[in-house]
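Worksheet: the structure to be examined is printed underneath.
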Amino acid sequence: MASDSPANCPRIHGGKARCSKSTFSTIQQQKQQHQHKINIVTWNVTSLTGKEMELAEEAQKYKLDILGISSTKRKGKGSLILNNGWQLYYSGVDSTIYAQAGVAILIHPRLIDSILEWKPINERVALLRLQLKKTTITVIQIYAPNNEADYPEFLDIVATTMENVPVSDSILLIGDFNAHVGNDSQTWNGIIGPNGDKDLNNQGRLLLDFCAISGLSIMNTFFKHKDIHKYTWYKTGGQTTQRSLIDFIITSDNIKRTVMDVRVKRGAELSTDHHLVICVLQLASNAPKQTAKPKKLFRIKWEALTDAEISQKFAKMVGQGYSQLPLNEGDMESEWLLFRKTIIDAAAETCGLKRIGLVNGQKKTAWWTEEIRKIINKKKTAYRNWLQQQTSENWHNYKQIRDNAKKMVREAKAKSWENFGHQMESNYHTATKVFWQTIRRLHKGGLKQTRSVKDANGELITKEENILKRWKEYFAELYNPSSGHNNNVNEKVSGGSNDITMAEVASAIKSLKSGKAAGIDEIRPEMLKTLNDDGIRWLTRICGIVWRTGKAPTDWQTGIVIPIFKKGDQRECSNYRGITLLSLPGKVFARVLERRCRQIVEPQLQENQCGFRAGRSTIDQIFTLQQIIEKSWEFAKPVYSLFIDLGKAYDRIPRDLLWNLRPNKWKQIRLFSSTSWPTARMRIISVIIHRIYGQNI
């Protein structure tokens with residue numbers, strides 16, 4: 020019986036493969052299946068600092084899918100979005116410790132939605148699970164210690180990590196193992212092949228024992244290649260003087276047969292003495308969907324409205340739009356859409372657009388300029404020239420350009436931080452809110468994020484479409500609780516014919532806080548505050564139509580829900596606090612209604628009601644309670660206090676009950692019944708998981 024081990028594969032022993040007729044038929048049948056290749060790579064980069072953008076470009080160039088990285092020397096744990104949407108997950112030492120070791124995994128944009136779990140163990144071990152259609156792959160990126168005494172403890176950590184991996188998963192253990200495993204394929208049959216390096220040391224023996232116990236195979240040693248495509252580490256002085264095979268791709272038995280090749284790619288350059296090691300997997304399943312090239316995102320530079328000349332021009336353009344309106348009012352939706360388009364077009368023309376990122380609104384790296392890109396490309400060209408002709412002259416030329424590139428990157432980063440400091444100083448005086456937001460973001464650092472959530476039954480969901488449905492389901496249930504009360508509201512609202520005035524709208528606009536996020540209509544508070552009389556008159560006209568018809572524009576009823584993580588399991592929707600971004604013109608209208616209602620409600624409130632009332636504060640009640648407790652303690656009197664904390668109290672409002680409780684005297688105010696104004700109506704446009712990326716300026 021023919022063995023299934025790689026040792027009996029014609030490809031492994033080198034030379035031309037001779038296939039029998041039956042073997043050829045088998046290969047043809049395999050080709051008929053829908054297969055796709057996954058390129059998994061490991062690379063010791065000897066520090067990733069300042070190389071993130073360069074790394075993403077190399078990954079793009081070599082069409083990589085998963086790139087494991089050793090020796091990042093990056094502190095902390097978290098993730099970053101790099102250019103073209105590549106996602107970097109990293110695990111390093113604590114921020115208080117001197118930078119050392121560090122591992123990371125870089126993921127192609129099309130595989131991001133396939134991620135099931137990211138688990139940073141420590142600065143030498145990290146785990147990433149992916150669902151690639153029928154195959155679940157667990158990639159464990161490692162960076163082994165050089166010291167032989169530390170090696171057993173390191174392998175114990177790796178073993179513990181593997182024990183927690185589901186049995187059905189296919190495991191790839193990749194990275195710099197700092198071990199020489201030799202080429203004795205007879206003694207270590209099935210664990211190593213005959214094409215390894217002859218050197219064997221104590222770390223290598225420990226690693227071989229570990230692989231034998233764990234059912235793992237070191238795949239580098241099963242494929243015959245030239246020495247230049249086999250050795251992963253080198254030391255040069257104009258010519259190669261030392262070389263080693265210490266960076267490995269190690270797989271479990273259940274995925275071993277899908278490994279098509281493992282070899283070194285010498286052309287990849289990142290100012291490191293290690294070569295990139297690539298493993299090609301061929302999985303029999305439907306290939307992952309190809310994602311479109313990320314679009315460049317832009318926003319209106321609304322902050323330019325602080326300039327007097329620009330604000331006057333903006334207000335004038337909006338006013339001209341109002342002057343061209345017909346005297347007779349149109350339908351509500353048409354009036355609103357024209358107002359919104361005029362506002363946005365005027366702001367875009369007068370303020371200009373600002374590029375905010377490549378993907379998901381993530382800012383591009385400020386210091387990665389065209390000049391830096393050119394010197395990096397020049398360095399790579401010099402490196403390829405040295406690979407082709409390994410002369411002292413080519414080596415010194417490469418080394419000189421490499422050192423110059425390092426210097427330019429260092430200076431560019433220093434200049435970027437200097438500009439950042441000046442901007443922060445300016446924000447402290449002119450934009451205090453932005454200043455403190457930046458301080459909080461830098462203080463918190465990177466927030467570990469998840470690309471999956473659990474459904475109501477606790478099952479894991481990984482597909483984006485199903486994740487959005489789950490969020491919609493969760494918030495719909497949260498915002499529309501069943502109170503069990505009868506909702507037979509047949510009262511016809513009449514009276515209250517006082518139309519909304521321009522003064523009311525102007526006052527409501529003035530009360531808006533600057534710097535607040537826009538809703539789905541993209542209208543910022545600064546745009547509304549810059550409107551002249553004609554612009555305010557136009558918004559008053561729209562509010563009047565809504566007031567008289569009892570119907571609001573669709574944009575006013577639509578919110579962008581942003582779940583912000585609180586604590587606990589990140590995959591549980593209940594551990595997020597939902598923030599809804601609403602239309603600001605809609606908020607202006609709501610504020611007008613709220614002020615009219617307050618005039619009636621305020622005289623009826625009890626004196627001890629302090630919350631949500633002007634000129635009062637709950638701090639007064641806390642102070643009063645403190646005084647009562649102190650006096651009761653002094654006179655030995657008992658105090659009975661009750662504290663009630665209602666979970667998600669403002670989300671679970673029984674709106675149907677509120678409609679039934681309204682008194683007749685409220686008829687003078689035109690209210691909207693549940694048949695004309697949606698009850699917590701939600702349209703999930705986009706669910707944005709809150710991310711904080713430190714050190715990105």
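Take 20 as the starting number for the sequence shown in the numbering used here and just add one per residue. Ideal placement from N, C-alpha and C gives every residue a C-beta, glycine not left out.
DSSP state of Pro139 mapped onto helix, strand, coil: strand
Continuous alpha helix (DSSP H) assignments of at least 4 residues falling wholly in the stretch 344 to 374: 351 to 370
Test item: CB-CB of Met238 and Thr206 under 8 Å: no
Rounded separation between Lys426 and Ile329 - CA only: 41 Å
Neighbourhood of Ile395 by C-beta distance below 7 Å, restricted to the same chain and skipping five residues each side: The residues Glu73, Ala424, in chain order, have a CB closer than 7 Å to that of Ile395 in the same chain once the five nearest residues on each side in sequence are set aside.
Coarse secondary structure for Gly597, derived from DSSP in three states: If DSSP states are grouped into helix, strand and coil, Gly597 belongs with the strands.
Segment contact, 8 Å Cβ cut-off, at least three pairs: the stretch 153 to 160 with the stretch 177 to 191: By the Cβ rule, the stretch 153 to 160 counts as touching the stretch 177 to 191, because three or more pairs are nearer than 8 Å.
Buried or exposed (CB count within 10 angstroms, at least 16 for buried), Lys434: exposed
Below-8 Å beta-carbon distance, Leu107 vs any chain B residue: The chain inventory of the structure shown lacks chain B, comprising one protein chain alone.
Short Cβ contact (8 Å threshold) for Pro544 with Lys532: yes
Exposure of Gly111, with buried meaning 16 or more beta-carbon neighbours within 10 Å: buried
Local conformation of Cys298 per DSSP, three classes: strand
Identity of the residues DSSP links to Lys473 by a beta bridge: Leu479
Segments of 4+ residues assigned as alpha helix (DSSP H) that fall wholly inside the stretch 66 to 100: 71 to 80
Option in Phe241, Ile131, Asn197, Lys249 with minimal Cα separation from Leu226: Asn197
Candidates Ile583, Lys606, Arg610, Pro604, of which the one nearest Gly597 by Cα: Ile583
Cβ-based neighbour list, Thr599, same chain, cut-off 6 Å, excluding 5 preceding and 5 following: Gly578, Val580
Residues bridged to Asp280 [DSSP beta-bridge criterion]: Val299
Neighbourhood of Val611 by C-beta, 6 Å cutoff - its chain only, sequence neighbours within 5 removed: If we look at Val611 and ignore the five residues flanking it on each side, its Cβ neighbours are Ile519, Glu523, Ala527.
Supposed contact pair Leu295 and Trp455 - C-beta distance, whole angstroms, cut 8 Å: About 43 Å separates the beta carbons of Trp455 and Leu295, which is beyond the 8 Å limit, so they are not a contact pair.
Alpha-carbon to alpha-carbon, Gln628 and Pro345: If I take the Cα positions, the gap works out to 48 Å.
Cut-off 8 Å between Cβ atoms - residues of its own chain near Asp639, not counting five sequence neighbours on either side: Cys629
Phe691 versus Ala327: straight-line alpha-carbon distance, rounded: In this prediction, Phe691 has a pLDDT of 47, which is less than 50 and means its spatial position is unreliable; what the coordinates show is noted afterwards. C-alpha separation (whole angstroms): 40 Å.
First through last residue of the beta strand (DSSP E) which encompasses Tyr447: Where Tyr447 is concerned, there is no enclosing beta strand (DSSP E), although the alpha helix (DSSP H) it sits in stretches over 411 to 449.
Limits of the unbroken beta strand (DSSP E) element including Tyr162: For Tyr162, the uninterrupted beta strand (DSSP E) segment begins and ends at 154 to 162.
Among Lys94, Thr643, Gly605, Thr325, the one whose alpha carbon lies nearest that of Cys370: The residue from Lys94, Thr643, Gly605, Thr325 with its alpha-carbon nearest to that of Cys370 is Thr325.
Spatially closest choice to Gly215 from Thr559, Ile247, Ala609, Ala367, by CA coordinates: It is Ile247 whose Cα lies nearest to the Cα of Gly215.
Beta strand (DSSP E) segment containing Trp386, residue limits: That residue, Trp386, is in no beta strand (DSSP E); it is neither H nor E in DSSP.
Assumed close pair Asn202, Pro213 - CB separation to whole angstroms, cut-off 8 Å: Right, their Cβ atoms sit about 6 Å apart.
Bridge-paired residues (DSSP) for Ala145: Pro139, Gln160
With 16 other Cβ atoms within 10 Å as the buried cut-off, status of Val565: buried
Nearest-angstrom Cα separation, counted from Phe317 out to Arg285: 38 Å
C-beta atoms of Gly194 and Ile140 nearer than 8 Å: no
Which of helix, strand or coil DSSP assigns to Asn404: Helix at Asn404.
Where Gly194 falls: helix, strand or coil (DSSP): If DSSP states are grouped into helix, strand and coil, Gly194 belongs with the strands.
Spatially closest choice to Phe241 from His127, Ser263, Ile100, Ile268, by CA coordinates: Ile268
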